[in-house]
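**Q**
2 protein chains.
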Amino acid sequence: MDKKQLVDCHNRIKPHIHNTPVIKSSLINSITGADIYFKCDNFQKMGAFKMRGATNAILQLHDSQKSKGVVTHSSGNFAQALSLAAKSIGVKAYIIMPSTATEIKKIAVKGYGGILIECEPNLRAREKAAQKIVETKGATFIHPSNDDQVILGQGTACKELIEKYNNLDYILAPVGGGGLIAGSALAAKYFGQNCKVIGAEPYEVDDAYRSIISGKIETNKTTNTIADGLKTQLGDKNFPIIKKEVHSIIRITEKEIIESMKIIWERLKIVCEPSCSLPLAAVIKNNTFFKGKKVGIIISGGNVDLKNLPF
Amino acid sequence: MDKKQLVDCHNRIKPHIHNTPVIKSSLINSITGADIYFKCDNFQKMGAFKMRGATNAILQLHDSQKSKGVVTHSSGNFAQALSLAAKSIGVKAYIIMPSTATEIKKIAVKGYGGILIECEPNLRAREKAAQKIVETKGATFIHPSNDDQVILGQGTACKELIEKYNNLDYILAPVGGGGLIAGSALAAKYFGQNCKVIGAEPYEVDDAYRSIISGKIETNKTTNTIADGLKTQLGDKNFPIIKKEVHSIIRITEKEIIESMKIIWERLKIVCEPSCSLPLAAVIKNNTFFKGKKVGIIISGGNVDLKNLPF
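If you read the protein sequences in the order shown, they are chains E and P. Heads up: the first sequence at position 47 corresponds to 46 in numbering that gives the first Met the number 0, and the numbers run straight through without jumps. Heads up: the second sequence at position 205 corresponds to 204 in numbering that gives the first Met the number 0, and the numbers run straight through without jumps.
#1: Would you mind telling me which residues of chain P sit closer than 9 angstroms to Leu305 (chain E), beta carbon to beta carbon, in chain order?
#2: Based on the DSSP output, what are the partners of Val245 (chain E) in its beta bridges?
#3: In the structure shown, what three-state DSSP assignment does Gly391 (chain P) receive?
#4: How many whole angstroms separate the CB atoms of Ala85 (chain E) and Val69 (chain E), which I take to be in contact at a CB cut-off of 8 angstroms?
#5: Thinking C-alpha only, which one of E:Phe77, E:Gly295, E:Asn307 and E:Ile141 is nearest Gly175 (chain E)?
#6: What residues match up with Ala92 (chain P) in a beta bridge as DSSP calls it?
#7: Taking the DSSP output, what are the residues bridged to Val294 (chain E)?
#8: Quick one: Cα of Pro278 (chain E) to Cα of Gln130 (chain P), how far?
#9: Under 8 angstroms between beta-carbons, which chain P residues line up against Phe48 (chain E)? List them in chain order, please.
#10: Return the first residue and the last residue of the alpha helix (DSSP H) that Gln148 (chain P) is part of.
#11: When you compare only the Cα positions, how much space is there between Pro239 (chain P) and Gly182 (chain P)?
#12: Give me the Cα-Cα distance between His246 (chain P) and Asn193 (chain P), rounded to the nearest whole angstrom.
#13: With a Cβ-Cβ cutoff of 8 angstroms, do Lys136 (chain P) and Lys67 (chain P) count as a contact?
#14: Does the beta-carbon of Arg51 (chain E), which I'm using as the reference point, lie nearer than 7 angstroms to any heavy atom of the ligand GTP?
#15: Can you list the residues of chain E that Phe42 (chain P) reaches, using a CB-CB cut of under 7 angstroms?
#16: Looking at Ile241 (chain E) and Cys275 (chain E), is the spacing between their C-beta atoms short of 8 angstroms?
#17: Give the single residue among E:Lys109, E:Leu171 and E:Gly75 whose Cα lies nearest to the Cα of Lys91 (chain E).
#18: Listing by chain order, which chain E residues have their CB less than 7 angstroms from the CB of Pro273 (chain P)?
#19: Helix, strand or coil for Glu119 (chain P), going by three-state DSSP, please let me know.
#20: Leaving out the 5 sequence neighbours to the left and right, which residues in its chain are closer than 7 angstroms to Ser87 (chain E) when beta-carbon positions are compared?
#21: Got a sec? Which residues, its chain only, sit under 7 angstroms from Lys105 (chain P) by beta carbon, not counting five neighbours each side?
#22: Tell me, please, whether the CB atom of Gly152 (chain E) is closer than 8 angstroms to any CB atom in chain P?
#23: Using 8 angstroms as the cut-off, can you tell me whether the segment 166 to 174 of chain P makes contact with the segment 137 to 144 of chain P, which would need three or more C-beta pairs spanning the two stretches below that distance?
#24: When the Cα of Asp206 (chain P) is compared with those of P:Asn10, P:Ala199, P:Lys2 and P:Thr218, which residue comes out closest?
#25: Identify, in the order they occur along the chain, each residue of the same chain with its Cβ nearer than 7 angstroms to the Cβ of Val303 (chain E), setting aside the five sequence neighbours on each side.
#26: Go to Ser144 (chain E), then tell me how far its alpha helix (DSSP H) extends in each direction, as first and last residue.
#27: I'd like to know if Gly75 (chain E) contacts chain P, where contact means its C-beta is closer than 8 angstroms to some C-beta of that chain.
#28: Candidates E:Glu203, E:Ala100, E:Gly75 and E:Thr99: which alpha carbon is nearest Gly301 (chain E)'s?
#29: Quick one: what's Ile256 (chain E) bridged to in DSSP?
#30: Is the beta carbon of Met0 (chain E) closer than 8 angstroms to that of Leu171 (chain E)?
#31: Would you please verify whether the beta carbon of Gly178 (chain E) is less than 8 angstroms from any beta carbon of chain P?
#32: Using Cβ-Cβ distances below 7 angstroms, what residues of the segment 97 to 123 of chain E are close to chain P?
#33: Beta-carbon within less than 6 angstroms of Lys65 (chain E)'s beta-carbon, same chain only, minus the 5 sequence neighbours each way: which residues are those?
#34: Kindly list the residues whose CB is nearer than 8 angstroms to the CB of Ala281 (chain E), restricted to its own chain and excluding five residues on each side of it in sequence; keep chain order.
#35: Chain E beta carbons: is any one of them nearer than 8 angstroms to that of Pro20 (chain P)?
This is the structure we're talking about:
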């Protein structure tokens with residue numbers, strides 16, 4: 000995907016998304032020794048960066064495709080993002096969700112106008128249910144992270160950050176399915192001045208770290224992390240970009256995730272998901288490396304269950 | 000206090016404070032039927048609007064006074080605000096705090112460079128300890144809310160909000176010691192276009208509500224509220240302003256405070272104190288009154304104990 004495609008994507012989705020604020024904390028800078036710029040996509044519509052990719056993927060469809068709707072399987076933010084993006088564009092969104100998903104998530108999807116279809120809680124059942132909607136309704140399947148148009152959309156958060164601060168040395172983002180980190184790496188390559196992108200990933204779900212070492216997509220044996228947005232796997236569309244364009248992946252323990260999350264909530268005064276705190280944890284644990292550097296961090300989302308906080 | 004004094008105060012403190020952002024939520028607007036503008040002083044330096052008044056009070060002193068320092072008694076945000084403001088201006092701050100105050104609060108004051116002096120946990124001991132510092136060190140006593148220069152400083156949050164959105168019908172602020180609501184009422188009078196200021200106060204600490212009815216300063220029999228920033232009493236400097244310039248005081252139950260706080264955290268994605276949620280609760284419970292109106296809300300601070308949330 001080239002620079003023009005990313006520019007076109009951004010122009011296409013601009014009327015549908017917020018250019019979210021960038022915030023700083025002198026106290027966090029003094030803790031880390033780095034100069035950190037937090038790009039707050041927890042303030043994005045629907046509360047997460049996923050709104051960007053979902054919107055771009057739908058806007059890319061032909062009118063005949065739009066009239067038949069879109070379908071995805073997700074129990075996370077992409078389910079809500081596709082529902083809201085589809086609603087605001089005037090398209091139907093079919094959302095396949097495991098029957099075991101929490102009631103809060105089901106209500107959120109329906110609240111954004113998504114058509115909820117429940118299935119057995121396993122990948123095969125999800126894929127089968129999605130395939131059935133494709134066949135019976137003619138809907139277009141959109142993958143939450145392994146889709147070129149989704150990857151481009153997710154890259155626009157990083158593009159906006161660089162447009163505001165064009166001299167960043169590093170940009171850090173959490174790594175889940177790989178859409179955000181791949182899109183960010185493309186944006187940094189095309190718009191940054193020698194700006195390198197680094198991923199942050201839980202030790203418990205370190206498929207990206209191992210995939211970069213082995214050179215092929217590795218799978219996760221465990222997904223036992225508090226960072227529920229990062230339990231997903233890389234895919235064949237985003238992995239080649241990650242392999243080529245991402246500087247490195249830093250792994251983070253569960254304890255480091257919670258400590259960093261507490262710093263963000265207490266000092267930045269923002270509500271964000273556990274996933275968002277991995278990049279700051281990466282800077283804290285590698286403070287010698289990042290010392291004196293200008294570092295951008297993508298705060299990816301703010302949809303948390305306040306009844307279930309780790310503090 | 001006239002318009003020029005408020006303009007001068009704002010110009011004086013501008014280099015020392017943030018002009019904090021104003022945020023909106025289409026979902027909260029759809030819940031309330033009002034058009035709400037949240038002025039986020041939880042993002043202020045030190046995490047609360049108190050930084051404004053503390054800074055102004057110190058900057059107003061003569062050099063001979065500055066050289067001898069300032070003193071206050073507070074176990075809340077004003078203790079931290081005076082410490083940080085004094086530090087950034089290069090003045091000593093003596094902070095009288097009850098020995099029963101939490102360790103977190105003591106550490107915060109010392110972290111901002113304040114000189115902590117502990118006393119017995121009652122008002123008489125606090126006042127005596129402060130008086131002793133005035134006598135022995137020559138320090139100037141600064142009251143957290145009942146001080147003209149503090150009132151002017153607190154009014155600058157409302158002034159900034161009106162300068163950004165000059166057509167607000169109402170501005171709501173929580174009522175504790177009375178500095179914020181009095182300052183806001185002055186700012187709305189001098190800079191608003193028929194903009195009325197309304198206070199929001201817990202039923203459990205409704206001295207302002209009863210004082211406006213009786214025409215004299217009433218005391219609180221209980222202070223049993225989760226809104227720990229609002230347990231203080233009105234004073235003789237701010238009450239005359241409140242009596243003359245404030246439109247009305249709306250009382251809020253403890254349950255309403257928590258429900259409104261949850262909406263703010265979940266939807267605005269910001270960390271703020273229980274005190275901040277009273278104005279939104281006031282709009283929600285009086286939605287017919289506020290329907291279709293442009294309403295400013297002062298989010299007063301974001302210093303919370305994450306280990307002790309009401310969710």
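We treat Cβ as the ideally placed atom computed from N, Cα and C, and that holds for glycine.
**A** Let's see:
#1: Leu305 (chain E) reaches chain P at Lys261, Trp264, Glu265, Leu308 and Phe310, counting residues in chain order whose Cβ is nearer than 9 angstroms.
#2: E:Val196
#3: Residue 391 (chain P) lies beyond the stretch modelled for chain P, which goes from 0 to 310, so this question has no answer here.
#4: The pair is a contact, with the Cβ atoms about 6 angstroms apart (cut-off 8 angstroms).
#5: E:Phe77
#6: P:Val69
#7: Its beta-bridge partners are E:Ile35 and E:Tyr169.
#8: Near 49 angstroms, if we compare the C-alpha coordinates of Gln130 (chain P) and Pro278 (chain E).
#9: Those do not exist, as Phe48 (chain E) stays about 13 angstroms from chain P at its closest Cβ, beyond 8 angstroms.
#10: Asp147 to Lys163
#11: Looking at the two C-alpha atoms, the distance is approximately 12 angstroms.
#12: 11 angstroms
#13: yes
#14: Judged by which ligands are present, the structure shown has none, so any question about the ligand GTP falls away.
#15: Against chain E, a Cβ distance below 7 angstroms from Phe42 (chain P) picks out Lys268.
#16: no
#17: Of E:Lys109, E:Leu171 and E:Gly75, the smallest CA-CA separation from Lys91 (chain E) is found for E:Lys109.
#18: Near Pro273 (chain P) there are no residues of chain E at all, since even the closest Cβ is about 13 angstroms away, more than 7 angstroms.
#19: coil
#20: His15
#21: Closer than 7 angstroms at the Cβ level, and outside the excluded window around Lys105 (chain P), lie Met96 and Leu115.
#22: no
#23: no
#24: Considering only alpha carbons, the answer is P:Thr218.
#25: Val270 and Glu272
#26: Ser144 (chain E) -> no alpha helix (DSSP H), and no H or E assigned at all.
#27: Chain P contact via Cβ: absent.
#28: E:Gly75
#29: BP columns for Ile256 (chain E) are empty, so no partner.
#30: Here Leu171 (chain E) is not near Met0 (chain E), since their CB atoms are 8 angstroms or more apart.
#31: no
#32: The segment 97 to 123 of chain E vs chain P, Cβ under 7 angstroms: nothing.
#33: Val90
#34: The answer, listed in chain order, is Leu171, Ile197, Ala199, Ile249 and Ile251.
#35: yes
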